[in-house]
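Residue numbering for the sequence shown follows the numbering used here, beginning at 584 and increasing consecutively.
For each residue, glycine too, the CB sits at the ideal point set by N, CA and C.
All values derive from a computational prediction rather than experimental measurement.
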Amino acid sequence: MKRTITLANGVEMPRVGLGVFQMTPDQAENATKWALEAGYRSIDTAQGYNNEEAVGKGLIASGVPREEVFITTKVRASQLGYEATKAAFYASLEKLQLNYIDLFLIHWPKTGLYNDAWRVMEELYESGKIRAIGVSNFLPEHLDQLLITAKITPMINQIEVHPMLTQVAERQYNDSLGIITEAYCPLGSGRLLRHPALLKLAKKYGKATAQLMIRWEIQNDIVTIPKSVNQDRIRANLDVWDFEISEDDIQLINDLNENKRVGTDPHHFMGIFYGDRKQPNYVLSDWEKALE
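In structure tokens form, the structure reads like this:
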């Protein structure tokens, strides 16, 4: 299988990248350097992670040529709007020490502002400052609203996907629009590493549960960005190209779906940041309770 996936505009994006969410600057710099040295060619950061500068330093320290690396960053919700997003983009460019961004995403669908943000992103894309543009955490209704005014359809929609949250309907809607689905929290924030069914399958393939889940994403044509600050695990998470999960076992993993999030629910996004809707608390599944 090819290690890149082709976006709607013909740009090739690595199927596996490193996510740096919740990493300190030191951790992000080291993880970026280690990942690139290990063979990764995609790094995913965001303005809201407060580690873009560290990613830029890690890229330089790795010695890997800039043109070989696919860098993603995202505009935070508080910076949506035509002028605000334009200023935020150039701030990211400076922090990352880059001349262009490979993929620039709207991080959250803040109602009433993302259409104007998208307009300036289209302009930056057309000027060559961005190679691909997309969104994150957009539900079908958000995509519909965006496409009322958009000239360019998003090339990526980065959403939470893992065996407890397979998001089949959302992925199919992305597919219908020619949008590639990218998964964050692909390992369920580590919760799924001890899932009995996944442990059993991983043993069958002689792999770790993390590798099994990453391969499951790949075989579902989902771009994935596992996170780790551990050098050995960073290496291991890319060691997923020497085996293939059978169709029966793919379905077995699909059937683990509980429609259960470990991250923020876009339906409750405003409540997280503005207090008008409350994010539901995480509830342990029966298999998790059995491990307590």
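ask   = Hey, how far is the Cα of residue 754 from the Cα of residue 627?
value = The residue you call residue 754 lines up with position 171 of the sequence shown. The residue you call residue 627 lines up with position 44 of the sequence shown. C-alpha separation (whole angstroms): 20 Å.
ask   = With residue 776 and residue 792 assumed to form a contact (beta carbons below 8 Å), what rounded beta-carbon distance in angstroms separates them?
value = To locate residue 776, count along the sequence shown from 1; it is residue 193. To locate residue 792, count along the sequence shown from 1; it is residue 209. That pair is a contact at about 5 Å.
message = Report the CB separation of residue 696 from residue 663 in whole angstroms; it is logged as a contact under 8 Å.
response = In the sequence shown, counting from the first residue as 1, residue 696 sits at position 113. In the sequence shown, counting from the first residue as 1, residue 663 sits at position 80. About 4 Å separates the two Cβ atoms, so the contact holds.
task = Using the Cα positions of residue 630 and residue 874, report the straight-line distance between them to the nearest angstrom.
result = Numbered from 1 along the sequence shown, position 47 holds the residue referred to as residue 630. Numbered from 1 along the sequence shown, position 291 holds the residue referred to as residue 874. Going by the C-alpha atoms only, they are around 36 Å apart.
inquiry  = To the nearest angstrom, how far is the alpha carbon of residue 854 from that of residue 671?
reply    = Against the sequence shown, residue 854 aligns to sequence position 271. Against the sequence shown, residue 671 aligns to sequence position 88. Its pLDDT being 41, under 50, residue 854 is placed unreliably by the model, and the measurement read from it follows with that caveat. For residue 854 and residue 671, the distance between alpha carbons rounds to 24 Å.
request  = Tell me, to the nearest whole angstrom, how far the beta carbon of residue 681 is from that of residue 647; I am working on the premise that it is less than 8 Å.
outcome  = Indexing the sequence shown from 1 puts residue 681 at position 98. Indexing the sequence shown from 1 puts residue 647 at position 64. Rounded, the Cβ-Cβ distance is 13 Å, inconsistent with contact.
key: Through-space distance from residue 666 to residue 826, alpha-carbon basis   = Along the sequence shown, read from residue 1 onward, the residue named residue 826 stands at position 243. Along the sequence shown, read from residue 1 onward, the residue named residue 666 stands at position 83. The straight-line gap from Cα to Cα measures roughly 47 Å.
Proximity to residue 601 [Cα-Cα], best of 815, 689, 808 and 848 = In the sequence shown, the residue the question calls residue 601 occupies position 18. Checking every option, the nearest Cα to that of residue 601 belongs to 808.
query = Which partner residues does residue 715 have in the DSSP bridge list?
reply = Counting from 1 along the sequence shown, the entry for residue 715 is found at position 132. For residue 715, which the question treats as bridged, DSSP gives the partners 686.
message = Could you tell me the alpha carbon to alpha carbon distance between residue 639 and residue 649, rounded to whole angstroms?
response = Here residue 639 corresponds to residue number 56 of the sequence shown, with the count starting at 1. Here residue 649 corresponds to residue number 66 of the sequence shown, with the count starting at 1. Their backbone Cα atoms lie some 10 Å apart in a straight line.
message = Going by DSSP in three states, residue 740 sits in which element: helix, strand or coil?
response = Numbered from its first residue, the sequence shown carries residue 740 at position 157. Three-state DSSP puts residue 740 in a strand.
message = Could you check whether residue 675 and residue 655 sit closer than 8 Å to each other, using their CB atoms as the reference points?
response = In the sequence shown, counting from the first residue as 1, residue 655 sits at position 72. In the sequence shown, counting from the first residue as 1, residue 675 sits at position 92. No, the Cβ-Cβ distance between residue 655 and residue 675 is not below 8 Å.
request  = State whether the stretch 726 to 740 contacts the stretch 781 to 789, with contact taken as three or more CB pairs (one from each stretch) at a distance under 8 Å.
outcome  = no
request  = Using beta-carbon positions only, say whether residue 849 and residue 720 come within less than 8 Å of one another.
outcome  = Within the sequence shown, the letter at position 266 stands for residue 849. Within the sequence shown, the letter at position 137 stands for residue 720. Yes; because the gap between Cβ atoms is below 8 Å, this pair is in contact.
query = Who are residue 625's beta bridge partners in DSSP?
reply = Position 42 of the sequence shown, counted from the first residue, corresponds to residue 625. DSSP, once it has assigned bridges, lists 653 as partnering residue 625.
query = Going along the chain, which residues of its own chain have a beta-carbon closer than 6 Å to the beta-carbon of residue 829, five neighbours each way excluded?
reply = What you label residue 829 is simply residue 246 of the sequence shown in a count that begins at 1. If we look at residue 829 and ignore the five residues flanking it on each side, it has no Cβ neighbours.
ask   = Name the DSSP beta bridge partners of residue 597, please?
value = Translated into the one-based positions of the sequence shown, residue 597 becomes position 14. DSSP lists 587 as partners of residue 597.
inquiry  = Tell me which residue opens and which closes the alpha helix (DSSP H) that residue 732 is part of.
reply    = Here residue 732 is taken as the residue at index 149 of the sequence shown, counted from 1. It spans 723 to 732 - the alpha helix (DSSP H) in which residue 732 sits, taken as one unbroken run.
request  = Using the Cα positions of residue 592 and residue 712, report the straight-line distance between them to the nearest angstrom.
outcome  = As a position in the sequence shown, residue 592 is number 9, starting the count at 1. As a position in the sequence shown, residue 712 is number 129, starting the count at 1. Using only the alpha carbons, I get a separation of about 15 Å.
inquiry  = Let me confirm a value: residue 625 is counted as buried when at least 16 other C-beta atoms fall within 10 Å, else exposed. Which label applies?
reply    = As a working mapping, residue 625 is identified with position 42 in the sequence shown. Residue 625 should be labelled buried.
Nearest to residue 608 (by Cα), restricted to the options 641, 584 and 598 = Taking the first residue of the sequence shown as 1, we reach residue 608 at position 25. Per the Cα distances, 641.
message = Based on DSSP bridge pairs, tell me the residues matched to residue 807.
response = Numbered from 1 along the sequence shown, position 224 holds the residue referred to as residue 807. Paired residue(s): 599 and 766.
ask   = Between residue 794 and the rest of its own chain, which residues show a CB-CB distance below 6 Å, the 5 nearest in sequence each way excluded?
value = Numbered from 1 along the sequence shown, position 211 holds the residue referred to as residue 794. So the list reads 823, once near-sequence residues are dropped.
Same chain, Cβ closer than 6 Å to residue 836, neighbours up to 5 away in sequence not counted = By 1-based counting over the sequence shown, the position of residue 836 is 253. Hits under 6 Å: 746 and 799.
query = According to DSSP, is residue 866 helix, strand or coil?
reply = Locating residue 866 in the sequence shown gives position 283, counting from the first residue. Coil.
query = Does DSSP put residue 658 in a helix, in a strand, or in coil?
reply = Mapped onto the sequence shown, residue 658 falls at position 75. Reduced to three states, the DSSP call for residue 658 is strand.
ask   = Taking all protein chains shown into account, do 16 or more other C-beta atoms lie within 10 angstroms of the C-beta of residue 685, making it buried, or fewer, making it exposed?
value = Sequence index remark: in the sequence shown, residue 685 carries index 102 (1-based). When all chains shown are included, residue 685 counts as buried.
request  = Answer with buried or exposed for residue 589, where buried requires no fewer than 16 other C-beta atoms within 10 angstroms of its C-beta.
outcome  = Here residue 589 is taken as the residue at index 6 of the sequence shown, counted from 1. Classification for residue 589: exposed.
request  = Could you have a look at residue 745 and say whether DSSP puts it in helix, strand or coil?
outcome  = Along the sequence shown, one-based indexing puts residue 745 at 162. In the structure shown, residue 745 sits in a strand (DSSP, three-state: E or B).
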